[in-house]
Each structure stands twice: as structure tokens, then as C-alpha cells.
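Colleague:
Protein chains in written order, with my numbering: chain R, 1 to 91; chain X, 92 to 356.
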């Protein structure tokens, strides 16, 4: 078991097209930092100086991390992290 | 109002549903829906609401139909190339269902006209294509306590939520800040699978009908995310933000403003 991270389509270019990647458990920011080592550029799109960017929403299972312990939220084995950027297209 | 025989026939598949019935169909016929945008999302939303017999549908758009729209904007056609999109959609919706009063508004929505435009409508549908307009629509709906069905699409992904001011979170509770220009794909870079607005628009139309009928559980406090490539639907919770600048305990936004528009989707 590991932590599953759902990557939104706009960021899948950085994960070689993978819509889901995995990581070891840890705090949310540790997970983001470790993902950035595997997929360079990903961390910067999501976070800045150890903080999740204000326009990126991250959910642990179904819960918004802003209302948990934000960057310091402990993510456990089997949890699912969803990165959800705001989109505005009506096309 | 009683239904004529022709209308009983037209809406018979609604009327036989116990959750709708003649009573529900009358609610649909009496409903007034205001739609922002007659593009990818506005076309399917309006098409299905017109088919369902929504009595009054206003649709605002100041763009004209281009050939590159026809890959997904199903209310327009080669016959309406160059025509205003609200007008083109009106022709299509009225051809499908002459019972429906479609009001085409050939303007751009802004902080000065929005409150007046939406004030007499029951439900607002957001099918706009940029962040400043989405925040403006949200703020106006919160101020007037209008339910808002919001949909957004990009590439292969779509998002839907239903905002009921006073009862649940708003768009600013969900997305506190828009992404800065440059960190999201530009309009030229961003594509969209033609059928994607069909999926998301149909979900928005479903939410509108549920609100009109007062049936089922609206997507209140929830964001439904559709990933077309993975064929996945996911829902995440949207907590109401007590510090929300428009619907929180101490709102700091007390009047509408137009923020600079940039092309970021």
C-alpha cells in the first residue's frame, strides 16, 4: 500500500501522461517535494516555498486540505490525494 | 395553466415519472433560467432545458458563431456562421420547442448589468469562459441569493457544482483565488474534446431540473469532477469557508467590480 495521487489532465504532461502516481506516506508537503524529485516541475506548479499555491485545491480522500492541517496534514497508506486546479473554460 | 393535448404528448415521458408528474412539469414550464454563454456548455444546457419545457430561458453572449465552434457547440450550424451566438441558439431552441420563450441578449455580462439582468430569474447557469466572469457571476448570485449551477471544462476534464447561497458554500469558498495568467494554458494552447461540454452541460441541465422540481440531492457543497480519459467521476467536498470574502462571516466584497480579463482557462 502507498499513497495514491490523482494528477489532473493539465499536469499529466509532467508525469509522462500518468493520471495517478504513488508515494510513501508523510505530510502533504513532504509528498509534494518527493514527487517533484521524480517528476521535475510538478512541485513548482503546486507549491511555492513550502506552501501549497493558493489557487490549487488539494483533497485528501474527499476532504479539502485547507480545512485539515494544510501542508502539514499527515497522509497515510491507502489515502488518495487529488490535485484539483480551478478551470474556467466554457468553450 | 393547463397543458394542451399536444403538450401532454410532448412531455408525456416526464409526466409519467412520479417525481415529475403534471405538477412537476408545470413547475418546469413556469421556471425562468438565466444562462451565461451560448458556447460549449451553454448549447447543451439550453438544448436540454428547452426540450424539457423550461418556460423562459435567457441566454447572454456577444460572440458570433465561427467554424471552429461547430466541433462542440451543437446549437449552432453552418447556417448561423457569423450570427450572434445567443440569436443562433435561440433559433435552435425555439425550433425544438416553440413553447419556450428564449430571450437572446447580445451583450457582455459585467458588474454594471448583471444584477439587473438576473434579478427576475430563478436559477443562473454559468457557462462562461474566464475566471473574472466566474467570480462576478458568483458574487452577484450570492448578493441576490440566486441558485447557481456552475460548470467548467478544459481538455479532457470537467467540473460541476451547484451553489445555493445561504445554504452552502460559494465559488469563492471553493476556489479562493484564480490562477495567475501564465500558470494555466492560454486559449490558444488549450483544446477541448468536443463531446466533453456535452457531458458537463447535460449534468448542469440535470442540476437545474432537480432544483426546479425540488427533487433529489443537488451538488451542493460538492464538486463533481469528470475525467474523460480515465472514464472516472469523482466528488470532493467543498467546505463553507467562514472567512469567505463574499459569503463568510465578515464579507469584504460588498459591491461588484470587473477585474481585468485575461485569457486563461
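Glycine included, every Cβ here is placed at the ideal spot set by N, Cα and C.
How big is the Cα-Cα spacing for residue 126 (chain X) and residue 75 (chain R)?
Modeller: As a position in the second chain, residue 126 (chain X) is number 35, starting the count at 1. As a position in the first chain, residue 75 (chain R) is number 75, starting the count at 1. Cα-Cα distance, rounded: 41 angstroms.
Colleague: Determine the direct distance from the alpha carbon of residue 215 (chain X) to that of residue 228 (chain X), and round the result to whole angstroms.
Modeller: Reading the second chain from its first residue, position 137 is the one you call residue 228 (chain X). Reading the second chain from its first residue, position 124 is the one you call residue 215 (chain X). Distance between the alpha carbons of residue 228 (chain X) and residue 215 (chain X) is about 9 angstroms.
Colleague: Residue 331 (chain X) and residue 260 (chain X) look like a contact to me (Cβ under 8 angstroms); what is the Cβ gap, rounded to whole Å?
Modeller: If you number the second chain from 1, residue 331 (chain X) lands on position 240. If you number the second chain from 1, residue 260 (chain X) lands on position 169. Going by Cβ atoms, the distance from residue 331 (chain X) to residue 260 (chain X) rounds to 4 angstroms, so yes, they are a contact pair.
Colleague: Listing by chain order, which chain X residues have their CB less than 8 angstroms from the CB of residue 9 (chain R)?
Modeller: Taking the first chain and counting its residues from 1, one reaches residue 9 (chain R) at position 9. Simply 245, 246, 247, 248, 318, 320.
Colleague: Based on DSSP bridge pairs, tell me the residues matched to residue 313 (chain X).
Modeller: Indexing the second chain from 1 puts residue 313 (chain X) at position 222. Note: residue 313 (chain X) sits in a beta bridge opposite X:328.
Colleague: With 16 other CB atoms within 10 Å as the buried threshold, where does residue 305 (chain X) fall?
Modeller: Walking along the second chain from the start, residue 305 (chain X) turns up at place 214. With fewer than 16 Cβ atoms within 10 Å of its Cβ, residue 305 (chain X) is classed as exposed.
Colleague: Could you give the distance in angstroms between the alpha-carbon of residue 298 (chain X) and the alpha-carbon of residue 179 (chain X)?
Modeller: Taking the second chain and counting its residues from 1, the one referred to as residue 298 (chain X) is at position 207. Taking the second chain and counting its residues from 1, the one referred to as residue 179 (chain X) is at position 88. So the alpha carbons of these two residues sit roughly 24 angstroms apart.
Colleague: For residue 330 (chain X), go through chain R and note every residue whose CB falls closer than 7 angstroms to its CB, in chain order.
Modeller: Taking the first residue of the second chain as position 1, residue 330 (chain X) is located at position 239. Per Cβ cutoff of 7 angstroms: 64, 67.
Colleague: Does the beta-carbon distance from residue 79 (chain R) to residue 21 (chain R) come in below 9 angstroms?
Modeller: By 1-based counting over the first chain, the position of residue 79 (chain R) is 79. By 1-based counting over the first chain, the position of residue 21 (chain R) is 21. No, they are not a contact pair.
Colleague: Starting from residue 124 (chain X) and walking both ways along the beta strand (DSSP E), at which residues does that stretch end?
Modeller: Numbered from its first residue, the second chain carries residue 124 (chain X) at position 33. Element bounds for residue 124 (chain X): 123-127.
Colleague: Using a C-beta cutoff of 9 angstroms, does residue 356 (chain X) count as contacting chain R?
Modeller: For this step, residue 356 (chain X) is matched to residue 265 along the second chain. With a pLDDT of 41 at residue 356 (chain X), under the threshold of 50, the predicted position of this residue should be treated as unreliable, and no value is reported.
Colleague: Among X:103, X:166, X:234, whose alpha-carbon lies nearest the alpha-carbon of residue 65 (chain X)?
Modeller: This structure cannot settle anything about residue 65 (chain X), because the visible part of chain X is limited to 92 through 356.
Colleague: Who pairs with residue 59 (chain R) in a beta bridge, going by DSSP?
Modeller: Indexing the first chain from 1 puts residue 59 (chain R) at position 59. Residue 59 (chain R) is bridged to R:64, R:82.
Colleague: Using 8 angstroms for Cβ pairs, my map puts residue 174 (chain X) next to residue 156 (chain X). What's the rounded Cβ distance?
Modeller: Translated into the one-based positions of the second chain, residue 174 (chain X) becomes position 83. Translated into the one-based positions of the second chain, residue 156 (chain X) becomes position 65. With a Cβ gap of about 5 angstroms, residue 174 (chain X) and residue 156 (chain X) count as contacting.
Colleague: Strictly below 9 angstroms CB to CB, what residues from chain R border residue 132 (chain X)?
Modeller: Working through the second chain from its first residue, we reach residue 132 (chain X) at position 41. Chain R residues near residue 132 (chain X): 89, 90, 91.
Colleague: Between the C-alpha atoms of residue 163 (chain X) and residue 233 (chain X), what's the straight-line distance to the nearest angstrom?
Modeller: Position 72 of the second chain holds residue 163 (chain X). Position 142 of the second chain holds residue 233 (chain X). Spanning the two alpha carbons is a distance of roughly 31 angstroms.
Colleague: The beta strand (DSSP E) spanning residue 249 (chain X) covers which residue range?
Modeller: The sequence position of residue 249 (chain X) within the second chain is 158, counting from 1. Here the beta strand (DSSP E) through residue 249 (chain X) covers 248-254.
Colleague: Can you list the residues of chain R that residue 327 (chain X) reaches, using a CB-CB cut of under 9 angstroms?
Modeller: Stepping through the second chain from its first residue, residue 327 (chain X) is reached at position 236. Residues of chain R passing the Cβ test: 57, 59, 61, 62, 63, 64, 82, 84.
Colleague: For the ligand MG, I want to know if residue 153 (chain X) counts as a neighbour, meaning its beta carbon is within less than 8 angstroms of at least one of the ligand's heavy atoms.
Modeller: For the structure depicted, the ligand MG is absent and the ligand set is empty, with no information on it obtainable.
Colleague: Spell out a yes or no on whether the region 93-113 of chain X and the region 130-140 of chain X are touching, meaning 3 or more CB-CB pairs, one atom from each, closer than 8 angstroms.
Modeller: No, the region 93-113 of chain X is not in contact with the region 130-140 of chain X.
Colleague: Going by CA-CA distance only, name the one from X:102, X:98, X:130 that's closest to residue 285 (chain X).
Modeller: Within the second chain, numbered from 1, the residue matching residue 285 (chain X) stands at position 194. Here the closest residue by C-alpha is X:130.
Colleague: Using a Cβ-Cβ cut-off of 7 angstroms (strictly less than) and excluding sequence neighbours within five positions of residue 219 (chain X), which residues of its own chain qualify?
Modeller: In the second chain, the residue the question calls residue 219 (chain X) occupies position 128. Cβ within range, chain order: 127, 128, 225, 228.
Colleague: For residue 151 (chain X) and residue 217 (chain X), I'd like the C-alpha separation in whole angstroms.
Modeller: Within the second chain, residue 151 (chain X) is the residue found at index 60, counting from 1. Within the second chain, residue 217 (chain X) is the residue found at index 126, counting from 1. If I take the Cα positions, the gap works out to 11 angstroms.
Colleague: Cutting at 6 angstroms between CB atoms, please list the residues of its own chain near residue 116 (chain X), excluding the five before and the five after it.
Modeller: Walking along the second chain from the start, residue 116 (chain X) turns up at place 25. Cβ neighbours of residue 116 (chain X) beyond the five flanking positions: 102, 105, 106.
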